[in-house]
Structure formats: C-alpha cells, structure tokens
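Heads up: the sequence shown runs through residues 21 to 474, numbered per my numbering. Where a beta carbon is used, it is the ideal one built from N, C-alpha and C, also for glycine.
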Amino acid sequence: MQERAVAQRHDNGKQKSASVEDSEICPCQDGMHLDVDLSRRRMLMSTAAIAAVPAQLFASSAIAETKTAPPGAVLYDVPDDPTKVMGRALLEDGGYGTRSQFETAVRARADNPNDMTSWSYTPLADMKGNLTPSGLHYERHHGGIPAIDPAKHFLYVHGMVDEAKKFSIADILRLPSITRRYFIECSGNTYDEWAKPKGKNVQVTHGLLSTSEWTGVPFATFARHVGLKDDASWVLGEGADAAVMTRSIPLDKMLTDGLIAYGQNGEMIRPEQGYPLRLVVPGYEGNMMIKWLRRLQVSDRPFMTREETGRYTGLMPNGRARQFYYSMDAKSVITFPSGEMLLPKPGHYEIRGIAWSGRGRVQAVDISMDGGKNWIPARIDDTPEAMSSVRFSCPWFWDGKPAILQSRCIEDSGYVQPTRTELIRLRGDHFFYHYNAIQSWAVAADGSVSNVHV
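What follows is the structure, encoded as structure tokens:
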C-alpha cells in the first residue's frame with residue numbers, strides 16, 4: 021500500500037516600494053479590499069485606485085502600441101464611447117467566439133531545448149473560477165501533437181476479453197455518456213522544489229495542473245461489450261502519437277471511474293489534449309491520461325512499459341525505486357499573492373488559491389500567515405467534488421511587515437498536506453515526482469512576493 025506523507029513581474033522588473041502611488045499600482049490591487057475609512061476623500065481615493073487597475077491589468081496600452089491581439093483574440097478599434105457607435109456585426113468571428121483583445125493570459129513554455137517532448141504551464145493566478153479554459157489547459161507531450169482525422173481513428177479493445185472489438189468515433193458517440201469534473205496534474209508538477217526554491221511564480225511552480233469538465237463513455241461500458249476474462253486485472257492504454265505513449269492501469273480503477281473522453285468543457289477535446297479520444301483516470305497522475313487513445317489491452321499483469329520502468333518511478337531513501345504509485349496526494353497553493361507579485365501598500369487583501377486531492381474530496385483548507393506557526397480555516401468557494409479542485413479564499417490584513425503565507429489541504433480521509441520537512445523525511449529528496457509539500461510565499465516589507473522554503 022502506498023504510504024501517505026504526514027508572468028513576469030508585474031512591475032516589469034522595476035523595483036517599487038510599498039509607498040507606490042495609487043496611479044502606479046500593479047494588478048495585485050485586484051485582491052485588495054476598500055479601506056474601512058469610508059469618508060468621501062478615502063472613497064474617492066479608493067475609487068481612483070481601482071479605476072487605475074484595468075489599464076495595467078488588461079495591458080491595453082501595450083496592445084495599442086503593438087497593434088497585435090493576444091493569442092485567441094482579434095484586434096478591433098476601440099471607440100472612446102461605445103454608446104456612440106454601432107458594434108461589430110453578428111458572426112464576424114466566423115461562428116467560433118474569440119476572447120477579448122484585453123485578456124492576455126497564456127500558457128508558459130517550459131525552458132527545454134526540444135518542444136516536441138516538453139510541457140507548458142497553466143497561468144493559475146489568472147484563472148477565474150474553478151474550470152480551466154481549454155485553451156489554457158497545461159500540456160505535456162512526448163512526441164509532439166499529432167493531427168488525427170476522426171473518421172480514420174479507431175479504438176481497439178482486446179486481450180483477455182471474450183470478444184475483441186473495434187470502435188469508430190461514430191460508434192463511441194452513440195454510446196451512453198456521462199459528464200464529470202476532474203483535475204489533471206502532471207506527476208512532475210512542482211518537481212523543481214525538492215532541493216531548493218526554484219520556480220519564480222505560481223505558473224511555474226504549480227502550473228502543471230488544470231481542471232476540466234470531461235464528457236465520454238465509462239470504460240465499464242466497453243467492458244460489458246467485450247466481456248472480461250476472470251483473471252483479468254490490468255489494462256494497457258496506448259496513444260496514437262509519435263511516442264506511442266503507454267501505461268498499465270489497474271482494472272479495478274478502470275471499472276470504477278475510468279472514462280474514454282471525447283468532450284472537454286462542452287466541446288470536442290482540443291488536439292493538444294488528445295483529440296479525438298483521451299483516457300481519463302480520475303485522481304491518477306497525468307501521464308496515465310493517455311491522449312489520442314487508440315488501444316486498450318486487457319491483461320492479468322502490468323506491461324512494464326518504458327514509462328513505468330525507465331520513467332515515472334520514485335527513488336526512495338534506501339536506494340530502491342517505487343513503481344505503480346498512481347494517486348496524486350492532497351495539495352494546495354496560494355495563487356494571490358504569489359511569486360513575482362508586488363503588494364502596493366499595507367491594507368486589507370483577500371488571499372486566494374486552489375486545492376485538490378486525487379484520493380477523494382477536499383474537506384478543508386487552512387491558511388497560515390506566519391510560516392506555519394498558526395493556522396486559520398479558509399473559505400471553500402466551490403462545492404467539493406471527488407478528484408476535482410476547489411477554490412479557496414481568506415481575508416488578510418497586511419500590516420506592512422514581512423510575512424510568510426502558506427496553505428494546507430485536508431482531504432475527506434483526514435490526510436493533511438505535509439510540510440516539506442515531513443515529505444522529505446518520508447521519501448528523501450531524490451523522489452522527483454509527486455511533490456505535494458506545503459508551498460511558502462514570502463511577502464517582504466516592500467510588498468514583493470517570492471518563493472521560499474521554511
């Protein structure tokens with residue numbers, strides 16, 4: 021049994037102090053409450069401060085200068101008064117909507133020499149709500165993104181079955197479907213933090229995490245169609261990419277909640293997420309969510325593929341490597357304030373973040389403002405669901421003194437997200453995957469926020 025462990029800087033690189041003028045505040049003001057002094061002068065000053073945010077938050081000046089729209093948007097002329105001119109006509113976007121030209125959040129590319137076997141990070145600090153837009157869902161590829169014609173793509177289910185069968189995409193779309201909300205997290209998420217604080221911001225430290233609404237056919241439905249042999253206990257999933265990604269998955273898990281997904285957030289899965297079919301194994305590490313799924317082979321033993329022998333194993337302190345540890349343990353991270361942000365001045369703020377667990381539901385989240393010495397409960401802003409993420413928030417008055425912000429996730433089993441010391445005591449510091457220690461953000465007296473270990 022597996023053991024359980026007890027954007028660039030908003031000031032564009034310019035150093036700013038906590039006494040920064042309201043007209044120069046960074047997007048961090050988005051999380052700042054109005055001052056409690058409701059005099060007319062203070063109200064006017066607070067209103068002016070908030071009004072100053074959109075120009076920087078939405079990067080309108082940069083867009084105007086470059087005359088180019090961010091990815092996923094179209095550049096349009098912006099009138100001084102939109103009530104005085106007609107807007108653009110219906111379906112000028114060709115029938116598929118685009119986002120506003122003032123929204124600039126994008127995935128960040130990993131610093132790797134080869135983009136064919138690499139990854140990109142979800143901009144967690146920019147997310148609104150609990151679902152990740154499909155276009156911002158993190159990526160991890162082992163052989164590039166294949167272009168697949170769904171009319172020529174088939175799913176083969178064979179091996180220890182009564183009758184091997186081939187399913188076309190049309191066949192699968194005719195089967196009864198379900199829709200579920202699950203997170204997917206790369207097992208290497210936060211891997212750089214084992215030895216020392218390395219990631220500069222939350223997109224890099226925790227951005228290999230995304231939550232989507234998945235639609236598809238339960239594996240149990242396919243199992244009924246083909247019939248399973250009595251001794252069957254494992255299923256091999258295989259992708260149709262150049263790497264021919266393969267993983268062995270316990271049959272019991274596949275029968276419980278394994279999903280052959282074709283839909284993501286209300287539309288067909290994007291190519292970079294596995295179009296036209298993706299295997300979703302809720303709560304398990306992301307590499308097991310085989311994209312471009314083409315084959316499911318039933319067996320009585322694991323297949324010992326490259327991905328479960330040469331990769332995705334964990335080196336323990338005794339020198340032995342652990343195999344077949346799948347579930348992503350409870351984890352959380354504060355997204356505001358977080359690394360490379362700058363708080364403009366002391367005052368009332370709202371701490372925000374994300375928590376998730378691959379073994380059940382998030383039951384609670386605690387917040388510490390003093391590096392773990394004291395904890396208070398955060399508010400859960402969503403209805404917790406199994407193997408899904410939740411948003412949390414907590415009011416905080418920053419007095420202008422240095423502080424260390426932390427969050428810890430408690431799942432419904434009672435398991436508590438460990439400190440870094442607890443995690444390393446259990447697994448050593450060469451485990452690489454499944455790093456779920458409490459994340460610390462240090463807020464300096466000048467309002468700057470950085471990644472630290474405590």
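Tell me PHE356's beta-bridge partners as DSSP assigns them. In the DSSP assignment, the residues bridged to PHE356 are ARG372.
Cβ-based burial, THR210 [other Cβ within 10 Å; buried from 16]: Its Cβ being crowded by 16 or more others within 10 Å, THR210 is buried.
For VAL98, count neighbouring Cβ atoms within 10 angstroms of its own Cβ and tell me buried if that reaches 16, exposed if not. The residue in question, VAL98, is exposed, as its Cβ has fewer than 16 Cβ neighbours within 10 Å.
Just list the residues that DSSP pairs TYR141 with in beta bridges. DSSP output for TYR141 lists ALA128 as bridge partner(s).
Could you work out which residue in THR88, ALA384, MET180, ARG340 is closest to ARG428 when comparing CA atoms only? Ranked by Cα distance from ARG428, the options THR88, ALA384, MET180, ARG340 are led by ALA384.
So ILE387 and ALA375 are supposed to be a Cβ contact under 8 Å. How far apart are they, rounded? About 11 Å separates the two Cβ atoms, so there is no contact after all.
Best match in GLN293, MET361, SER140 for proximity to ASP131 [C-alpha to C-alpha]: It is SER140 whose Cα lies nearest to the Cα of ASP131.
Beta-carbon spacing of GLN437, SER352 below 9 Å: Going by C-beta atoms, GLN437 is nearer than 9 Å to SER352.
Residue environment, ASP261, which counts as buried when at least 16 other CB atoms sit within 10 Å: With 16 or more other Cβ atoms within 10 Å, it is buried.
Considering only C-alpha positions, which residue in the set THR276, GLN459, GLY467, PRO166 is nearest to MET407? Restricting attention to THR276, GLN459, GLY467, PRO166, the CA atom closest to the CA of MET407 is found in THR276.
So for ALA462, helix, strand or coil by DSSP? In the structure shown, ALA462 sits in a strand (DSSP, three-state: E or B).
Would you identify the three-state DSSP class for THR276, choosing helix, strand or coil? Residue state, collapsed to three classes: helix.
By a C-beta neighbour count over all protein chains shown, 10 Å radius and 16 as the cutoff for buried, is ALA423 buried or exposed? Counting every other CB atom within 10 Å of its CB across the protein chains shown gives ALA423 a total of 16 or more, marking it as buried.
GLN317 by DSSP, collapsed to three states: which one? Three-state DSSP puts GLN317 in a strand.
Quick check on the burial criterion: 16 or more other C-beta atoms within 10 angstroms. Buried or exposed for ARG315? The C-beta of ARG315 has 16 or more other C-beta atoms within 10 Å across all chains shown, which makes the residue buried.
When the Cα atoms are used, what is the spatial distance from TRP418 to THR333? C-alpha of TRP418 to C-alpha of THR333: approximately 42 Å in a straight line.
Could you spell out where the alpha helix (DSSP H) holding GLU183 opens and where it closes? Where GLU183 is concerned, there is no enclosing alpha helix (DSSP H), because DSSP gives it neither an H nor an E.
Spatially closest choice to ILE198 from GLN121, ILE192, LYS186, TRP234, by CA coordinates: Proximity to ILE198 across GLN121, ILE192, LYS186, TRP234 peaks at TRP234, based on C-alpha coordinates.
Near SER207, which residues of its chain fall below 8 Å by C-beta distance, leaving aside the five closest residues on each side in sequence? So the qualifying residues of the chain are GLU305, GLY306, ASN307, TYR332, MET348, TYR453, HIS454.
Nearest-angstrom Cα separation, counted from ASP449 out to LEU271: Taking the straight line joining both Cα atoms gives about 32 Å.
Quick check: the stretch 358-369 against the stretch 155-165, are there 3 or more CB pairs under 8 Å? Too few Cβ pairs lie closer than 8 Å, so no.
Apply the 10 Å Cβ neighbour rule to GLN459 and answer buried if 16 or more other Cβ atoms are within range, or exposed otherwise. Buried, by the Cβ-count rule.
Relative to the C-alpha of VAL94, which residue among ASP101, SER120, THR103 is closest? Of the candidates ASP101, SER120, THR103, the one whose C-alpha sits nearest the C-alpha of VAL94 is SER120.
CYS414 versus GLU205 - alpha carbon distance: Distance between the alpha carbons of CYS414 and GLU205 is about 24 Å.
Would you please state the rounded distance, in angstroms, between the beta carbons of GLY373 and GLN426? I believe it to be under 8 Å. With a beta-carbon spacing of about 10 Å, GLY373 and GLN426 fall beyond the 8 Å limit used to define contacts.
Which class does VAL264 belong to by DSSP, given the choice of helix, strand or coil? Look at VAL264 here: in three-state DSSP terms it is coil, with no helix or strand label.
Based on Cα-Cα distance, which residue from SER358, GLY164, LEU195, SER230 lies nearest to ALA462? Checked all of SER358, GLY164, LEU195, SER230; the closest Cα to ALA462 is SER358.
Assuming ILE168 and PRO296 make a contact with CB atoms under 8 Å, what is their CB distance in whole Å? So it is a contact: roughly 6 Å between Cβ atoms.
Which same chain residues end up closer than 7 Å to VAL181 when comparing Cβ atoms and leaving out the 5 residues on each side of it in sequence? Excluding sequence positions up to five before and after VAL181, its CB lies within less than 7 Å of the CB of VAL246, GLY247, LEU248, LYS249, VAL318, all in the same chain and listed in chain order.
Assign ASN394 to one of two classes, buried (16 or more other C-beta atoms within 10 Å of its C-beta) or exposed (fewer than that). Answer is exposed; the Cβ neighbour count stays below 16.
DSSP three-state call for THR403: helix, strand or coil? Reduced to three states, the DSSP call for THR403 is coil.
Give me the residue from THR241, PRO133, GLU112, ALA89 with the minimum Cα distance to LEU279. When each option's Cα is compared against that of LEU279, the closest is THR241.
Count the other C-beta atoms from every protein chain shown that fall within 10 angstroms of the C-beta of VAL105, then say buried if there are 16 or more, exposed otherwise. With fewer than 16 Cβ atoms within 10 Å of its Cβ, VAL105 is classed as exposed.
Using 10 angstroms around the beta-carbon of GLY219, count the other beta-carbons present and answer buried if the total reaches 16, otherwise exposed. Buried.
Sequence-distant residues of its chain with Cβ nearer than 7 Å to ASN150 (five each side left out): If we look at ASN150 and ignore the five residues flanking it on each side, its Cβ neighbours are THR231, ASP402, SER409, VAL410, ARG411.
Can you name, in chain order, every residue of its own chain whose Cβ lies under 6 Å from the Cβ of MET274, other than the five neighbours on each side? For MET274, where only same-chain residues beyond five positions count, the Cβ hits under 6 Å are PHE239, VAL255.
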